[in-house]
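A.B. asks:
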Amino acid sequence: MAAQQPAGLPDHQARALAAAYIGVCSAKEPVRTPGDLARLKGVGGWVVDVMKDSFPGSSLDSSPPRSNTPGETGKKRKRNKPYVPQLNSAAYAIVITLYREMIRGTEVMKKQELIDAAEASGLSRKAIGPNNYKSKHGNSGSDFYTGWSCMKNLTEKDLVVKKSNPAKYYLTEKGKETARICLAKSGLDDPAGPFMATGHPESVMLSDSDSDEQEGSSPLIGSENFSERSGLPNSKADNGRATNSPLSSQGMFGQQSFSAMGSAENSLLAMPPRQYDESFLDTYEVVLILDDRDTFGARARRKVVDNIHTQFDVPVEIKHLPVGDALWVARHKELGMEYVLDFIVERKNVDDLLGSIKDNRYKDQKLRLKKCGLRKLIYLVEGDVNTVDGSESVKTACFTTEVLEGFDVQRTNGYADTEKKYGHLTRSIIDYYRTNFSAGADTSRLCLTYDEFVKRCSDLEKVTVSDIFALQLMQVPQVTEEGALAVTSLYPTLLSLARAYSMLDGDRRAQEEMLKNKSDMVNTGASKNIFKLIWAEG
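Here you go:
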């Protein structure tokens, strides 16, 4: 008899939590009561019930009537809202791409031109065009779906017109208005090009119109429900026009989740050294470094390197990386010094991810990434999560990794799609440093040299008492990697934490809330559960 797989969150609950997370991040006013929470966009009654313990002294009477669970059946009001493509769906990417090209003067696009431009925009989680990796028998029925399938829906809804042979496509007036709604909904400031946002993910934007678009059988994590997140601050080209980067706004690192991140986000990304009046591209060459242990199936590593270099015209090298599967260095063109840029990728095949979840390796790996010193942490999940037995465990792990722990969870269909992802990321990173180098080099942190980075990571191999304590804390319900690190930064050992509790003279409520009050990374439930672990009463 097969072992029972650990259950994850049901999809409807995961969607509800993700939508509520975005509503809270977008709130203009403090959320002090359940009533305040219930009034936010995307927050339903079930979420309010789950969160009620986070409002000590508040009454739920101020909350509107609500159902017990998201998805509870009941009489619904008929909606007459116009169709708007779901955030980061293929239709969303196509509509915005057509609109941007129209603004640039190209009102009509051929099919392949549109597919290439939409994929390069990074606005869709799914591949727009066909992918050979997915065109094989034996996988789920959704494997034969491609993002381009949504074009039928766009033409039927009178957003896009198809004409002539070979086919060409352009937006109707209704389509142009819908594109403007999509831009406004997602926070894309500049219709002519992606807004390179920073901070932490917006992750999900569920609107009333989202349910109208069901693109195949897509899972929650990595589907159109999740934003792509660019993770790069708003950048303008030197000539004042928005740069045409392949990553979306609210793209790889979208909207903020850490309250400390604000207008000063530019200064948070490390910069390589700069002499007076130097430009980035004149001084440095950005090189994509792939780990020599990373495998690409039947594809030889050299073939992968050649494919990325040929398709994107970016230098690619293979080295033994101390942590992660890919990172980027800025190599000085005259001195040859290499500086590690603030981005790193951990790449996981869905089968490998499931295995690491079962034996808890993935928590340790994420902890190492968090401690490596690089700011933008990308977790690349390769393959269809619906094809593995423990798909719910994988979806839940991806959800918590993205929403709760600050990683950017990216999805690709297979090896070829991963190559494209690496190429698009490289171009966007080059674009960011090109446009921010002169302004940020004097105020930002200094990038580590490659040798310094290797030494720092080798020091991570030395397991300390604090590391063991952090791993223990991560086994406590509701404690994330971020929360465990926050606790150990305050109290490096179990003994130091126990002493802090003892200083509160037996005030149980103060003890239960101590960690929550000391760190924003520890929520009410986690704070209470850690206290119970340390101060368990026999």
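Read left to right, the sequence shown gives residues 10 to 547 (the numbering used here).
Just so it is clear, CB atoms sit at the ideal spot from N, CA and C, and this is done for glycine as well.
Using the three-state DSSP reduction, which class does His433 fall into: helix, strand or coil?
C.D. replies: Here His433 sits in helix by DSSP.
A.B. asks: Start and end of the beta strand (DSSP E) containing Gln419?
C.D. replies: Run containing Gln419: Asp417 to Thr421, per the beta strand (DSSP E) assignment.
A.B. asks: Please classify Gln419: is it buried, with 16 or more other beta-carbons within 10 angstroms of its beta-carbon, or exposed?
C.D. replies: Answer is buried; the Cβ neighbour count reaches 16.
A.B. asks: Less than 8 Å between the C-beta atoms of Ala495 and Met523, yes or no?
C.D. replies: The answer is no: Cβ separation not under 8 Å.
A.B. asks: So what does Thr458 bridge to, in DSSP terms?
C.D. replies: DSSP output for Thr458 lists Tyr348 as bridge partner(s).
A.B. asks: From Arg356 to Phe540, what does the alpha carbon distance come to, in whole angstroms?
C.D. replies: Spanning the two alpha carbons is a distance of roughly 35 Å.
A.B. asks: Reducing DSSP to helix, strand and coil, say where Leu46 ends up.
C.D. replies: In the structure shown, Leu46 sits in a helix (DSSP, three-state: H, G or I).
A.B. asks: Going by the beta-carbon positions, is the gap between Ile438 and Val295 smaller than 8 Å?
C.D. replies: Against a cut-off of 8 Å, the Cβ pair of Val295 and Ile438 comes out as a contact.
A.B. asks: Taking just the CA atoms, how far does Gly184 sit from Met346?
C.D. replies: If I take the Cα positions, the gap works out to 50 Å.
A.B. asks: Considering only the alpha carbon of each residue, which of Ser288, Gly333, Val472 and Leu336 lies closest to Lys342?
C.D. replies: Comparing Cα positions, the closest option is Ser288.
A.B. asks: Here's the rule I'm using: 16 or more other beta-carbon atoms within 10 Å means buried, otherwise exposed. How should Val169 be labelled?
C.D. replies: Val169 is buried by the Cβ-count criterion.
A.B. asks: Short of 6 Å in beta carbon distance, which residues of its chain neighbour Asn166, apart from the five on each side in sequence? Order them along the chain.
C.D. replies: The residue you asked about is not Asn; residue 166 is Lys in the sequence shown. So the list reads Tyr92, once near-sequence residues are dropped.
A.B. asks: With DSSP collapsed to three states, give me the class of Ile539.
C.D. replies: Note: Ile539 maps to helix in three-state DSSP.
A.B. asks: Give every residue of the same chain whose Cβ lies closer than 6 Å to the Cβ of Lys537, excluding the five residues on either side of it in the sequence, and list them in chain order.
C.D. replies: Answer for Lys537: Glu521, listed in chain order.
A.B. asks: Roughly how many angstroms lie between the CA atoms of Leu413 and Tyr348, to the nearest whole one?
C.D. replies: In a straight line, the C-alpha of Leu413 is about 30 Å away from that of Tyr348.
A.B. asks: What do you reckon, are the CB atoms on Val314 and Phe305 nearer than 8 Å?
C.D. replies: Contact: no.
A.B. asks: When DSSP labels each residue in this structure, what does Asn445 get in the three-state scheme?
C.D. replies: Helix.
A.B. asks: Bridge partners for Arg134 per DSSP, in chain order?
C.D. replies: Bridge partners of Arg134: none, in fact.
A.B. asks: For the beta strand (DSSP E) containing Val496, name the first residue and the last one.
C.D. replies: Here Val496 belongs to no beta strand (DSSP E); instead the alpha helix (DSSP H) covers Glu490 to Leu499.
A.B. asks: Check this for me: beta carbons of Asp361 and Ile327, under 8 Å apart or not?
C.D. replies: Cβ atoms of Asp361 and Ile327: not closer than 8 Å.
A.B. asks: What separation, rounded to the nearest whole angstrom, lies between the Cα atoms of Ala193 and Leu278?
C.D. replies: Rounded to the nearest angstrom, the two C-alpha atoms are 27 Å apart.
A.B. asks: Are there three or more Cβ pairs, one per stretch, closer than 8 Å when the region 421-433 is compared with the region 386-400?
C.D. replies: Short answer: they touch.
A.B. asks: Is the region 450-464 touching the region 499-512, taking contact as three or more C-beta pairs under 8 Å?
C.D. replies: Counting Cβ pairs under 8 Å, fewer than three are found: no touch.
A.B. asks: Straight-line CA distance for Ala493 to Asp476?
C.D. replies: In a straight line, the C-alpha of Ala493 is about 10 Å away from that of Asp476.
A.B. asks: Within its chain, find whatever has a CB closer than 6 Å to the CB of Thr106; leave out the 5 residues flanking it on each side and keep chain order.
C.D. replies: If we look at Thr106 and ignore the five residues flanking it on each side, its Cβ neighbours are Ala126, Ala127 and Ser130.
A.B. asks: Decide if Val354 is buried, meaning its Cβ has at least 16 other Cβ atoms within 10 Å, or exposed.
C.D. replies: Its Cβ being crowded by 16 or more others within 10 Å, Val354 is buried.
A.B. asks: Does the beta-carbon distance from Leu330 to Ala479 come in below 8 Å?
C.D. replies: For Leu330 and Ala479, no; Cβs fall outside 8 Å.
A.B. asks: Please list, in chain order, all residues of the same chain as Lys527 whose beta carbon is under 7 Å from its beta carbon, the five residues on each side excluded.
C.D. replies: So the qualifying residues of the chain are Leu499.
A.B. asks: Note down, one range per segment and in chain order, each beta strand (DSSP E) of at least 3 residues found wholly within the region 312-388.
C.D. replies: Listed in chain order, the complete beta strand (DSSP E) runs (minimum 3 residues) inside the region 312-388 are 325-328, 335-341 and 347-358.
A.B. asks: When you compare only the Cα positions, how much space is there between Gln259 and Gln484?
C.D. replies: Bear in mind that the predicted position of Gln259 carries a pLDDT of just 33, short of 50, making it too unreliable to give a figure here.
A.B. asks: In whole angstroms, give me the CA-to-CA distance for Gln481 and Lys429.
C.D. replies: About 38 Å.
A.B. asks: In terms of residues, what are the limits of the beta strand (DSSP E) holding Leu107?
C.D. replies: Segment Ala99 to Ile112 is the alpha helix (DSSP H) holding Leu107; no beta strand (DSSP E) there.
A.B. asks: Under 8 Å, do Arg134 and Asn97 count as touching if we go by C-beta distance?
C.D. replies: The answer is yes: Cβ separation under 8 Å.
A.B. asks: Return the first residue and the last residue of the beta strand (DSSP E) that Lys172 is part of.
C.D. replies: Element bounds for Lys172: Val169 to Lys172.
A.B. asks: Is Asp549 helix, strand or coil when you go by DSSP?
C.D. replies: Summary: the structure shown does not reach residue 549, with the chain confined to residues 10 through 547, and so no result is reported for it.
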